[in-house]
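J.:
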Amino acid sequence: MLDKIIKYVKAFKLLEPPTYAGNSDPCEAEDWLRRVTKCLEIIKVLDDLQVELATLMLTGDAERWWEFTKIGHGPTGMSWANFKHRFRNRYFPSCLERPKAKEFALITQGNMNVSQYVTKFIQLFLSRYEASMVELENKKIRNLIMGLRPSIRSPMGRLKFDTFEDAVNEALKIEMRDETNI
1 MLDKIIKYVK
11 AFKLLEPPTY
21 AGNSDPCEAE
31 DWLRRVTKCL
41 EIIKVLDDLQ
51 VELATLMLTG
61 DAERWWEFTK
71 IGHGPTGMSW
81 ANFKHRFRNR
91 YFPSCLERPK
101 AKEFALITQG
111 NMNVSQYVTK
121 FIQLFLSRYE
131 ASMVELENKK
141 IRNLIMGLRP
151 SIRSPMGRLK
161 FDTFEDAVNE
171 ALKIEMRDET
181 NI
């Protein structure tokens with residue numbers, strides 16, 4: 001069993017997962033959790049070791065939070081789902097969710113070009129500020145289109161897109177066409 005654990009630790013560390021010190025930026029906390037989750041998925045580690053590996057990357061306040069949090073969980077430890085829930089509650093409190101969900105719901109292109117707008121859209125989407133809103137592909141597409149400038153949104157409203165990427169590509173084409181017609 002120890003050999004197996006050592007193998008997973010080495011594989012995990014080779015992927016250079018980020019550390020997290022527990023600062024006050026909730027986006028950084030979500031980014032850390034997403035990147036560590038990706039590393040755990042790559043090495044296909046079992047649930048019982050996911051928490052052990054992830055918490056190796058906690059430092060400072062986050063490490064102290066973990067030491068305090070794990071007290072009372074006994075030899076079986078904590079599940080990965082429970083860890084993620086507690087981590088989000090600590091570093092992304094619910095009082096911050098509503099403003100970020102609103103920011104996602106109201107994001108518009110404004111003065112950004114389509115590429116900048118898509119980058120911002122994806123950043124807010126991945127932050128999981130409103131999971132019920134971001135689970136379905138068609139909702140992603142609809143929100144993306146609704147935030148575009150009218151000159152891009154209008155021609156896109158008549159089209160059907162199978163994927164978010166298809167909608168982005170069409171928006172880029174319309175933007176390029178509009179720029180060449182100026």
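Per full-length UniProt numbering, the very first residue in the sequence shown carries number 1; after that it's consecutive. A virtual CB, placed ideally from N, CA and C, is assigned to each residue, including glycine.
Near P155, which residues of its chain fall below 7 Å by C-beta distance, leaving aside the five closest residues on each side in sequence?
T.: As a position in the sequence shown, residue 155 is number 155, starting the count at 1. Correct list, in chain order: I174.
J.: If we count the other Cβ atoms within 10 Å of its Cβ and call it buried at 16 or more, is I107 buried or exposed?
T.: As a working note, residue 107 is residue 107 in the sequence shown. Its Cβ being crowded by 16 or more others within 10 Å, I107 is buried.
J.: CA-CA distance, L148 and L33?
T.: The residue given as residue 148 occupies position 148 in the sequence shown. The residue given as residue 33 occupies position 33 in the sequence shown. Taking the straight line from one Cα to the other gives about 30 Å.
J.: Can you grab the Cα-Cα spacing for the pair K38 / N113, in whole Å?
T.: The residue you call residue 38 lines up with position 38 of the sequence shown. The residue you call residue 113 lines up with position 113 of the sequence shown. Looking at the two C-alpha atoms, the distance is approximately 30 Å.
J.: Measuring only the C-alpha atoms, how far is N143 from A105?
T.: As a working note, residue 143 is residue 143 in the sequence shown. As a working note, residue 105 is residue 105 in the sequence shown. Approximately 7 Å, taken between the alpha carbons.
J.: Using the beta-carbon count (16 or more within 10 Å), is T55 buried or exposed?
T.: Reading the sequence shown from its first residue, position 55 is the one you call residue 55. It counts as buried.
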